Structure formats: structure tokens, C-alpha cells
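Quick notes on the structure that follows.
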Amino acid sequence: MSLNAKTISELIEAFEAGEATAEDAAGAVLDAIEAGENLNAFISVRERDAVLAEARAVDEARQNGAELGALAGVPVAVKDNLCVKGGQTTAASRMLAEFEAPYSATVVERLQDAGAILVGKTNLDEFAMGSSNENSFFGPALNPHDPERVPGGSSGGSAVAVAANQCVAALGSDTGGSIRQPASHCGVVGVKPTYGRVSRYGLIAFASSLDQVGPLTRSVDDAARLLEVICGFDPRDATSARRDVPKFTDAVGRGVEGLKLGVPKEYFASEVGVDDEVGALVRAAIDDLEAQGAELVEVSLPHTEYAVATYYLIATAEASSNLARYDGARYGFRAEGEDLVEMYENSRSEGFGDEVKRRIMLGTYVLSAGYYDQYYGKAQQVRTLIRQDFDDAFDKVDAIVAPTAPTPAFALGDKSENPLQMYLEDIFTISCNLAGLPGMSVPCGATAAGLPVGLQVLAPAFDEETMLAIGAVVEA
Amino acid sequence: MAISREQVLHIARLARIELDEDEVEHYREDLSSILDYVDKLDELDVTDVEPTTHAVALESRLRDDEVEQRLDHDEVLHNAPESEAGQFRVPKVVED
């Protein structure tokens with residue numbers, strides 16, 4: 038197996054056995070990025086010499102017997118809405134196409150402190166707004182299983198990069214399913230941690246009460262390894278939780294014996310339109326969990342059908358506020374204008390793409406005088422009902438298992454003309470963000486056409502360990 | 075709920091987004107169909123339901139009142155579209 042196709046654990050084993058070097062691994066990844074350039078997974082790739090020099094330094098440290106971090110020499114990529122000091126950070130927007138971050142995100146610092154080798158920044162939907170990666174100013178990323186299809190979004194580039202062996206692991210961000218849905222469509226593992234588990238400092242904000250950074254990897258064990266590095270309290274993020282970081286990798290081999298797993302009836306109802314093959318593969322994986330010792334319990338999440346509407350009111354309201362900072366005055370794209378207001382308007386009109394403008398306007402509308410209570414206020418109340426659904430379910434079960442997405446990856450252009458149809462793509466992932474819970478997607482097979490399908494595991498807040506234990510059984 | 079052309083122009087003005095005629099109609103149709111969809115929340119009685127602004131309870135984060143150096147002057151101005159004499163340069167704000 039080529040070095041760039043290995044998991045983190047396999048790679049580190051090879052380094053420690055002296056069978057491979059970090060420089061070899063970095064070189065193999067950079068070659069794969071070049072060979073797979075057509076997939077458009079990366080917005081920027083670091084200079085080859087700089088990457089190789091960094092990897093060589095890890096090799097030398099290893100040879101000298103220095104103490105090394107948990108990811109020493111592992112080539113990783115990060116979504117281009119995470120700031121990396123001195124490099125380009127675009128959020129896939131014309132607005133930030135020339136922006137150079139003056140500091141690094143906490144998660145990036147933690148990866149680098151653990152010895153990971155950053156190879157580049159991955160493609161995404163502009164400002165993480167989308168479910169197909171077609172909203173990028175730099176063009177869509179393509180699904181490596183069928184380049185006529187989308188990889189999912191918004192962390193599409195990270196999912197593609199991992200699936201196409203263009204990095205060993207990657208970070209994405211998940212506001213309504215943006216890690217789990219592309220992971221499902223590309224056949225990789227994707228984890229959205231509990232809100233507050235991972236620092237958002239240096240993540241370009243979309244919807245602050247929902248956004249969370251998480252890993253995309255080729256195995257559940259790799260996801261646990263990355264979580265051990267990126268989780269933890271950060272005083273620079275006011276929403277960061279003061280919680281200890283468990284040894285997530287210990288949970289991976291635990292199995293599911295004795296666990297009660299909730300199967301939400303609403304997620305399999307005919308009205309939500311789960312594709313037949315997706316439904317069958319997810320059902321088979323759930324049956325296998327039962328065969329491995331889990332007890333299946335039907336649960337109800339009765340407000341599921343209101344989640345998408347709730348999400349789009351809250352997310353767009355927060356986005357309209359967060360994106361008000363892009364005015365062309367201090368950083369980002371500036372268009373000319375006769376006066377200050379005209380400069381603002383021209384800069385924002387030309388700097389933002391269609392989907393971003395649509396969401397800003399929807400958010401502005403629902404927050405505007407006369408509509409706040411009708412839309413935003415009510416959505417915050419329904420959010421409470423959605424949280425209570427999960428609280429009730431987790432009184433009865435240890436975790437919930439369900440499909441990640443209703444369909445396999447769809448064709449490019451299939452849903453881009455109909456925003457509402459695109460929004461419904463996230464119907465199974467969105468509730469998790471509204472309730473702040475951890476969720477993961479783990480591959481559970483492929484359709485007859487060879488398109489991957491993901492099983493989603495949802496767990497109570499701060500119980501990523503149970504989620505990882507279940508995911509590892511599905512993966513096996 | 076269908077929204078009017080005037081409402082779209084009003085929102086665009088609030089959001090500081092300039093739209094041409096085609097865009098006004100395009101967003102009017104999109105926003106109307108999205109608002110139609112979100113009106114399904116009216117099916118729910120939320121009279122006594124407390125709103126959730128954050129899913130995870132937040133604590134007040136206090137720290138000592140000490141000055142910290144985050145970014146220096148040059149770093150702040152590094153991404154400025156236009157700067158002069160150590161300041162951001164913008165079009166004239168005060169009228170003649």
C-alpha cells in the first residue's frame with residue numbers, strides 16, 4: 038500500500054519501524070494532489086520544498102530520539118475556512134481570495150504542535166454555505182468515486198482529499214452536516230464533536246451557535262486520534278467547554294455489547310424520501326450492530342420535520358450578522374464607490390456569491406423589525422423542542438443510529454437551481470447541530486453504482502466515546 | 075409567504091447588497107419559496123416554550139484585566155485594501 042493511502046496508525050507504525058520516512062509520506066501525498074488535480078480538492082497547496090523540509094525535520098527528530106507529538110510526520114489538510122498564519126485563507130470566496138491570515142486557528146496550532154505536516158487548504162462551499170461544494174469561487178470539488186457527481190458539502194474538499202489519498206486526514210467544519218454529509222458521499226469517516234469540545238478560534242464564522250470543527254479520516258481510530266489532538270478548552274473561544282479530553286482511542290475497540298441504540302422512526306418514514314439502496318444499506322448495518330450485541334430500540338424525534346426550517350432561520354440570522362464584517366474597509370475584496378455606502382454595497386455585491394447573498398438576505402429579513410418574533414424568535418423556541426426530543430430519546434438509549442444523508446452523491450447541477458431541495462439534503466444531520474450533540478458518519482457500504490453510503494451515529498453531549506465505539510463496529 | 079419586490083429591495087438595502095433588476099426577481103422568488111417552507115413552524119404551538127440561543131450552557135468567562143498584544147499595527151493593516159499613514163483609507167464620509 039502506498040504511504041499516502043495508509044491510516045494514521047499504519048503510517049506511524051511504518052515510521053517507527055524505519056520502513057518509511059515522513060519525507061516519503063509527504064512526497065507521496067504531494068504527488069497524489071498533483072495527479073488528482075482535476076478533483077479540485079485544494080484551494081491552495083503549500084510549496085513542495087517547504088513541506089518536504091518540515092517532514093525531514095520530523096525524520097531527523099525521530100532519528101535523534103526526540104520526543105514526538107501524536108501526529109509526527111502525518112500529512113494533513115485543513116478546510117480553507119480555518120486560518121493558517123501567513124498563508125491564504127479564502128473561505129472559497131472572492132471576498133477573501135487575497136486574504137492572508139495574521140494568526141492560526143487553535144486547531145491548526147494543535148495539529149502543528151502534534152507534529153502534523155500541513156500540506157494545503159481544501160475546497161469548500163463559500164463561507165461553508167452549501168451541501169454540494171458547488172458554491173465555491175474556485176469551482177466545485179468533484180467526487181472521486183464519480184467525478185460527474187458532487188462530493189457533498191461544505192467540507193467537500195476535505196472529504197475528497199482524504200478519499201483520494203491526497204492527505205492522510207483532514208479537518209472540516211460542520212454547521213448543519215458539513216462534515217458528515219460529504220464524508221458519507223465520499224466514503225470516509227467524519228466527526229462533528231459536541232458543541233464547545235473544539236475551539237472555534239480562527240474558524241471563519243458562519244453560524245456561531247452551530248459551527249464546530251472536526252476530523253475527516255479513513256478510519257474511526259484515526260478520527261479518535263485527531264480528536265485527542267484538537268479537543269480541549271481554549272480561553273480564546275468564549276464558547277469553549279472546560280471539559281477533560283478523554284483518551285478517545287481507548288473507546289474504539291470497546292464494541293457495542295449491552296448498548297441500547299435508538300432507531301428514530303421519523304428518519305425512515307416514507308415522507309423523508311430515503312433512497313431505497315441507502316435505506317437498505319443503513320438497515321443492514323444497524324442489524325449487524327444488533328448481531329454484535331447491541332439492543333435496538335425504536336425512538337421518536339417528532340420535531341425532525343421542523344429541523345430544516347428551524348436551521349435555516351437560525352443559521353441565516355447568525356450568518357447575516359457574522360458576515361456584516363465584510364465591508365471592504367479593513368480586509369477582503371473592495372470595489373470602488375463614490376461614497377462609503379456605495380463602496381460597501383459594491384464590495385459585498387461583487388465579493389459574495391449567489392448562495393451567500395441569499396442567506397444574508399434571508400437572515401436580514403428574519404431579524405428585521407416586525408419579523409423577528411414570527412421567524413427568528415419562533416425558530417429558537419422550536420430549537421428547544423428539538424433538543425427536548427433528543428433528551429427524551431437519550432433517557433431511553435445510549436446513542437442513535439440513522440442514515441447520514443437521504444441519497445448517495447447526486448450529479449453536479451442536479452439541485453443547484455433549487456435552494457430548498459438542496460437544503461433538504463441535510464435533513465438528517467441538522468438536528469444534531471441545533472441540539473449541540475456529537476455526530477459521526479461512518480461508511481456502511483456502497484450502492485450498485487459504487488457510490489458510498491454513510492451510517493450516522495448521534496450521541497449525548499460530550500459522549501463521543503460511545504459514538505466512536507459504535508462507529509468502529511460498523512467499520513469492522 | 076410571498077414577499078414583494080419592495081421588500082427585497084428593503085432587505086438588500088439593510089444588508090448593504092446592491093441588486094440589479096434580474097437579481098431582485100431571482101431573490102424574490104427564492105426567498106418567497108423558502109419563507110413558504112419555513113411557515114410550517116406555524117403548525118407548532120410554542121406559547122410556553124423557552125427559546126434556546128445556545129445548545130450548551132455557557133459560563134461567563136472572566137480574566138484579569140491585563141493588556142495583551144494580539145496583532146501589531148502592520149499585521150492589522152496587512153490585508154487592508156487601501157491604507158495610508160498607518161490607517162485604513164476609505165472613501166470620503168463627511169459631505170462637503
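Residue numbers (the working numbering), protein chains in the order written: chain S, 38 to 513; chain Z, 75 to 170. Think of the CB as a built atom: it goes at the ideal place given N, C-alpha and C, for glycine as much as any other residue. These numbers come from a predicted model, not from an experiment.
Q.
Tell me the residue span of the beta strand (DSSP E) that contains S/I437.
A. Its beta strand (DSSP E) spans residues A436 to P440.
Q.
So for S/Q149, helix, strand or coil by DSSP?
A. Helix, per DSSP.
Q. Going along the chain, which residues of the stretch 96-113 of chain Z sit with their C-beta nearer than 7 Å to a C-beta in chain S?
A. Taking a C-beta cut-off of 7 Å against chain S, the contacting residues of the stretch 96-113 of chain Z are Y101, D104, L105, S107, I108, Y111 and V112, listed in chain order.
Q: Pair every Cβ in the stretch 332-349 of chain S with every Cβ in the stretch 409-419 of chain S, then say whether three or more of these pairs are closer than 8 Å.
A: Contact holds: three or more Cβ-Cβ distances are below 8 Å.
Q: Establish whether the CB of Z/R163 and some CB of chain S are separated by less than 7 Å.
A: Chain S, which has no Cβ nearer than 7 Å to the Cβ of Z/R163, makes this no.
Q: Might you give, ordered along the chain, the residues of its own chain that have their beta carbon closer than 8 Å to the beta carbon of S/R273, omitting 5 neighbours on each side?
A: Counting only residues of its own chain and dropping the five nearest sequence neighbours on each side, S/R273 has a CB closer than 8 Å to the CB of T143, S236 and Y238.
Q | Same chain, Cβ closer than 8 Å to S/G124, neighbours up to 5 away in sequence not counted | A | Once the five neighbours on either side are set aside, the close Cβ partners of S/G124 are S81, R83, E137, A138 and K158.
Q: For Z/V167, count neighbouring Cβ atoms within 10 angstroms of its own Cβ and tell me buried if that reaches 16, exposed if not.
A: With fewer than 16 other CB atoms across the displayed protein chains lying within 10 angstroms of its CB, Z/V167 is exposed.
Q) Along chain S, which residues have their Cβ under 8 Å away from the Cβ of Z/L136? A) Correct list: empty, because the minimum Cβ distance to chain S is about 11 Å.
Q) Taking the Cβ atom as the reference point for each residue, do S/V315 and S/P181 lie within a distance shorter than 7 Å? A) Against a cut-off of 7 Å, the Cβ pair of S/P181 and S/V315 comes out as no contact.
Q | Neighbour list for S/V434 in chain Z, Cβ cutoff strictly below 8 Å | A | For S/V434, no chain Z residue has a C-beta closer than 8 Å to its own C-beta; the minimum C-beta separation is roughly 19 Å.
**Q.** For S/Q218 and S/T466, believed in contact at Cβ under 8 Å, the rounded distance
**A.** With a Cβ gap of about 6 Å, S/T466 and S/Q218 count as contacting.
Q. What span of residues does the alpha helix (DSSP H) with S/K433 cover, start to end?
A. For S/K433, the enclosing alpha helix (DSSP H) starts and ends at K415 to K433.
Q) Are there 16 or more other CB atoms within 10 angstroms of the CB of S/H340, so buried, or fewer, so exposed? A) With 16 or more Cβ atoms within 10 Å of its Cβ, S/H340 is classed as buried.
Q. What residue ranges within the stretch 217-256 of chain S form continuous beta strand (DSSP E) runs of no fewer than 3 residues, ordered along the chain?
A. Runs of the beta strand (DSSP E) inside the stretch 217-256 of chain S: 226-229 and 249-254.
Q.
Rounded to whole angstroms, what is the Cα-Cα separation between Z/D113 and S/E342?
A. Their Cα atoms are separated by approximately 12 Å.
Q: Using 10 angstroms around the beta-carbon of S/K302, count the other beta-carbons present and answer buried if the total reaches 16, otherwise exposed.
A: Flag for S/K302 reads exposed.
Q.
By the three-class DSSP mapping on this structure, what secondary structure does S/R83 have?
A. Of the three classes helix, strand and coil, the one that applies to S/R83 here is coil, per DSSP.
Q: Report the residue ranges of all alpha helix (DSSP H) runs contained in full by the stretch 328-391 of chain S; include only those spanning at least 4 residues, in chain order.
A: Listed in chain order, they are 344-359 and 377-388.
Q | Beta-carbon separation (whole angstroms), Z/S107 vs Z/I77, contact threshold 8 Å | A | Incorrect: roughly 10 Å between the Cβ atoms, too far for contact.
(Q) Rounded to whole angstroms, what is the Cα-Cα separation between S/L208 and S/S478? (A) Across the structure, S/L208 and S/S478 are spaced so that their CA atoms are roughly 14 Å apart.
Q. At which residues does the beta strand (DSSP E) containing S/V20 begin and terminate?
A. Residue 20 of chain S falls outside the range modelled here, since chain S spans only 38 to 513, and no answer is possible.
(Q) Pop quiz: S/N75 and S/G390 are said to be a contact at Cβ under 8 Å. What is the actual Cβ separation, rounded to whole angstroms? (A) About 22 Å separates the CB atoms of S/N75 and S/G390; that is not less than 8 Å, and the two are not in contact.
Q: For S/A90, collect the residues of the same chain with a Cβ closer than 6 Å to its Cβ; drop the 5 residues on either side in sequence, then sort them by chain order.
A: Taking C-beta separations shorter than 6 Å and ignoring five residues to either side along the sequence, S/A90 has no partners in its chain.
Q: At 9 Å on the CB atoms, spell out the chain S contacts of Z/L83, in chain order.
A: Those within 9 Å of Z/L83 in chain S number zero; the least Cβ separation is about 11 Å.
Q: Give the straight-line distance between the Cα atoms of S/K452 and Z/Q143, rounded to the nearest whole angstrom.
A: If you take the alpha carbons of S/K452 and Z/Q143, they lie about 47 Å apart.
Q.
So S/G189 and S/S168 are supposed to be a Cβ contact under 8 Å. How far apart are they, rounded?
A. The pair is a contact, with the Cβ atoms about 7 Å apart (cut-off 8 Å).
Q) Looking at S/R279 and the ligand NAP, is the gap between the Cβ and the nearest heavy atom below 6 Å? A) Summarising the ligand content, the structure contains no ligands, and the ligand NAP is consequently not present.
Q) Does the beta-carbon distance from S/V438 to S/V494 come in below 7 Å? A) It is a contact, given that the beta carbons lie within the stated cut-off.
Q) Should S/S130 be labelled buried (16 or more other beta-carbon atoms within 10 Å of its own) or exposed? A) It counts as buried.
Q | Length at least 3, wholly inside the stretch 190-214 of chain S: the beta strand (DSSP E) runs in chain order | A | Complete beta strand (DSSP E) runs here, min 3: 206-211.
Q | With 16 other Cβ atoms within 10 Å as the buried cut-off, status of S/T401 | A | Buried: at least 16 other Cβ atoms inside 10 Å.
Q. Would you call the CB atoms of S/A496 and S/A436 closer than 7 Å?
A. Cβ distance < 7 Å, so S/A496 and S/A436 count as in contact.
Q: For S/I397, decide whether its Cβ has a neighbour in chain Z, counting only Cβ atoms nearer than 7 Å.
A: Closer than 7 Å: yes.
Q: Rounded to whole angstroms, what's the CA-CA distance from S/L471 to S/R234? Just pull it up for me.
A: Rounded to whole angstroms, S/L471 to S/R234 spans 15 Å at the Cα level.
**Q.** Spatial neighbours of Z/V164 in its chain, beta-carbon cut-off 8 Å, leaving aside the 5 residues before and after
**A.** Setting aside the 5 residues that flank it on each side, Z/V164 is surrounded in the same chain by E156, each with a C-beta closer than 8 Å to its C-beta; the list follows chain order.
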